[in-house]
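A quick write-up on the structure given underneath.
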Amino acid sequence: MKKYDGWWDGFFPAFRPIFSKVPARVTNAQVRFIREKLDLRAGRTFLDCPCGIGRIALPLARTGVRVTGIDITQSYLDELAGKVKKSGLKMDLHRQDMRRISLDSKFDACGNLWTSFGYFEKESDNLLVLKKMFRALKPGGKFMLHVINRDWIMANFQANEWYQSGDMKVLENRGFDYAKSISTDVWTFIGPEGSSTHETAIRMYSYHELISMFERVGFIDIEGYGSVKGEPISRNKEQMFVIGTRPRR
Ligand SMILES: C[S@@+](CC[C@H](N)C(=O)[O-])C[C@H]1O[C@@H](n2cnc3c(N)ncnc32)[C@H](O)[C@@H]1O
105 MKKYDGWWDG FFPAFRPIFS KVPARVTNAQ VRFIREKLDL RAGRTFLDCP
155 CGIGRIALPL ARTGVRVTGI DITQSYLDEL AGKVKKSGLK MDLHRQDMRR
205 ISLDSKFDAC GNLWTSFGYF EKESDNLLVL KKMFRALKPG GKFMLHVINR
255 DWIMANFQAN EWYQSGDMKV LENRGFDYAK SISTDVWTFI GPEGSSTHET
305 AIRMYSYHEL ISMFERVGFI DIEGYGSVKG EPISRNKEQM FVIGTRPRR
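Here my numbering runs 104 ahead of the position in the sequence shown, where the first position is 1.
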């Protein structure tokens, strides 16, 4: 059987221009939804893991939330640190693999947002990420996972897609490993400085599987939404926002 691992190292620095594919109005609506669903008021603590270039972390910090960001891509953390400094905000930033964080009972809320989950071939590693998030929460704290819905992928599978993102042309050739529920994509980035090709392998989940994983880790009061409007998850919804609470005792 094919092996997948470590693909993120070369992929993410090259992926940088794709952040501009997400319009500001989409990010703003997500930030509003996150604040509402995770009870994030000024002064509350939030762990954004992985934080990327601060797409969500920065606007949350602007509302007075005390944000900690963790990511593995140093160039993203450097870019975010520069923006934080320029805007006079404060943010704790750390370079770390999301499987290795050891922050216990520190945060009112945590988020793993925009398809940053399912990166590991070993299912125990993906579960470990959830465990780390659970442990990082204070008792009563809430965690949000935001991923693509496997059931939507199956209903809308598109093997090839190309689009423009900033000054980069992107071609995605998609495959699917049904034995492992892993989306296997080959990305070609064509930019002003040349082109590069990268492979990604991301485990895709249906809602019921995520519920089982959340329960296994110890989350209670699990809720799922198919959009930031609070619509239910179905095969017609591309996104899933799954929320769990760490019990108070
Ligand atoms: C699609 S981006 C999402 C970033 C951010 N959550 C957002 O909503 O904009 C995925 C992020 O995961 C980070 N990443 C990839 N593998 C990682 C790992 N093993 N540990 C921590 N971060 C990782 C990448 O550097 C990238 O910033």
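C-beta: ideal position from N, C-alpha, C; glycine also.
From the options, residue whose alpha carbon lies closest to that of residue i
| i | options | result |
| --- | --- | --- |
| arginine 203 | Pro296, Tyr311, Lys235 | Lys235 |
| lysine 194 | Ser228, Leu231, Phe150, Ile205 | Phe150 |
| lysine 242 | Thr349, Trp112, His302, Phe115 | Thr349 |
| tryptophan 112 | Gly156, Lys187, Tyr223 | Tyr223 |
| proline 296 | Leu314, Ala118, Arg320 | Ala118 |
Rounded C-alpha distance that separates residue i from residue j
| i | j | result |
| --- | --- | --- |
| serine 353 | aspartate 109 | In the sequence as displayed, the identity of residue 353 is arginine instead of serine. Distance between the alpha carbons of arginine 353 and aspartate 109: 36 Å. |
| arginine 278 | glutamine 262 | 7 Å |
| lysine 125 | asparagine 216 | 19 Å |
| serine 209 | aspartate 152 | 15 Å |
| lysine 226 | methionine 308 | 13 Å |
| cysteine 214 | methionine 237 | 7 Å |
| alanine 185 | proline 154 | 14 Å |
| leucine 207 | alanine 240 | 5 Å |
| methionine 105 | leucine 142 | With a pLDDT of 47 at methionine 105, under the threshold of 50, the predicted position of this residue should be treated as unreliable, and no value is reported. |
| asparagine 253 | asparagine 260 | 11 Å |
| aspartate 281 | alanine 305 | 9 Å |
| leucine 231 | methionine 317 | 7 Å |
| alanine 283 | isoleucine 205 | 30 Å |
| methionine 248 | tyrosine 267 | 29 Å |
| aspartate 229 | valine 188 | 31 Å |
Residues that residue i bridges to, as DSSP identifies them
| i | result |
| --- | --- |
| valine 321 | According to DSSP, which records beta bridges pairwise, valine 321 is partnered with nothing at all. |
| leucine 197 | Gly173 |
| phenylalanine 211 | Leu241 |
| valine 233 | Partner(s): none; valine 233 has no beta bridge. |
| glycine 328 | Val346 |
Residue i, enclosing beta strand (DSSP E) - first and last residue
| i | result |
| --- | --- |
| aspartate 439 | An answer regarding residue 439 cannot be provided, because it is not within the stretch 105 to 353 covered by the chain. |
| lysine 134 | Residue identity check: residue 134 is glutamine in the sequence provided, not lysine. Segment 128 to 141 is the alpha helix (DSSP H) holding glutamine 134; no beta strand (DSSP E) there. |
| isoleucine 347 | 343 to 349 |
| phenylalanine 150 | 149 to 152 |
| aspartate 289 | 286 to 295 |
| isoleucine 306 | 298 to 307 |
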